[in-house]
Amino acid sequence: MRQIRLTESRLRGMILEATRRAIMMEERGEETDSKIRELISFLHNAQKPVREIHWNTNEYALHMVTDETIGDLCEWEDGLAEAFLGDRDIELKISDRKPESDTDFKSIINELVDLASEVKESVSGNKDYDNVCAVLDEILETGNQLLYKSQLK
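760 is the number of the first residue of the sequence shown in this note's numbering; add one for each residue after it.
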């Protein structure tokens with residue numbers, strides 16, 4: 760009789776541990792999804808200030824790099840949203856997440872690279888986010904190139 764109680768106790772412990780792990784994974788997934796939504800919103804809301812910088816600059820190099828960036832932001836927003844939604848049966852809403860600066864191009868791109876790096880860290884190694892990782896890799900690579908180009912005169 761005693762062996763059965765120990766077995767039942769162990770089984771209960773194993774079930775509780777498995778449940779705890781499942782809850783933690785679900786919470787981690789919700790946190791990751793929230794970060795992805797934040798990045799999509801940032802990409803959407805960064806287009807307006809970058810466009811205004813593009814129109815209002817007297818620097819040729821900045822004018823050209825912001826022109827390139829406007830298209831990139833739109834492409835990344837769409838690509839990331841499509842990769843994120845994939846097979847999920849959810850609606851995606853844009854939040855008010857905007858760049859902290861609306862007049863400094865380098866600050867906007869630095870913030871984008873930081874946010875994309877944070878999201879990449881959250882999704883790395885999770886096969887459910889392979890397509891998201893591909894878009895993040897492109898954002899990070901091109902974002903660093905944009906920072907370099909913005910320094911040219």
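The beta-carbon is built from N, C-alpha and C at its ideal position, and this holds for glycine as well. None of these values were measured; they are calculated from a predicted model.
Distance between Glu797 and Glu790 (C-alpha atoms, nearest Å): Counting only the Cα atoms, Glu797 lies some 11 angstroms from Glu790.
Where Lys852 sits in the DSSP three-state scheme: Residue state, collapsed to three classes: coil.
Cβ shell of Leu906 (< 6 angstroms), same chain only, five flanking positions each side left out: Answer for Leu906: Ile868, listed in chain order.
Beta-carbon proximity of Ala875 to Gly902, cut-off 8 angstroms: Between Ala875 and Gly902, the C-beta gap is smaller than 8 angstroms, which places the two residues in contact.
Buried/exposed call for Thr825, threshold 16 Cβ in 10 Å: Burial call: buried.
Beta-carbon proximity check, Arg771 vs Asn804, cutoff 8 angstroms: Contact: no.
DSSP-derived helix/strand/coil call for Gly884: Gly884: coil per DSSP, three-state reduction.
Reduced DSSP secondary structure (H/G/I, E/B, other) of Pro858: Coil at Pro858, not helix or strand.
Close beta carbons around His822, own chain, < 8 angstroms, minus the five adjacent residues each side: The beta carbon of His822 sits closer than 8 angstroms to the beta carbons of His813 and Thr816 from its chain, once the five residues preceding and following it are set aside; these are given in chain order.
Proximity winner among Cys892, Lys886, Phe864 and Asp863, relative to Glu877 (alpha-carbon distances): Considering only alpha carbons, the answer is Cys892.
Counted within 10 angstroms of its Cβ, other Cβ atoms place Glu880 as buried (16 or more) or exposed: With fewer than 16 other Cβ atoms within 10 Å, it is exposed.
Nonlocal neighbours in the same chain, by C-beta distance under 8 angstroms from Leu851, ignoring five residues either side: These residues qualify, in order along the chain: Arg796, Ile799, Ala840, Phe843 and Leu844.
For Ser860, the nearest candidate out of Ser768, Asp887 and Phe801 (CA to CA): Residue Phe801 is the option with its Cα nearest to Ser860.
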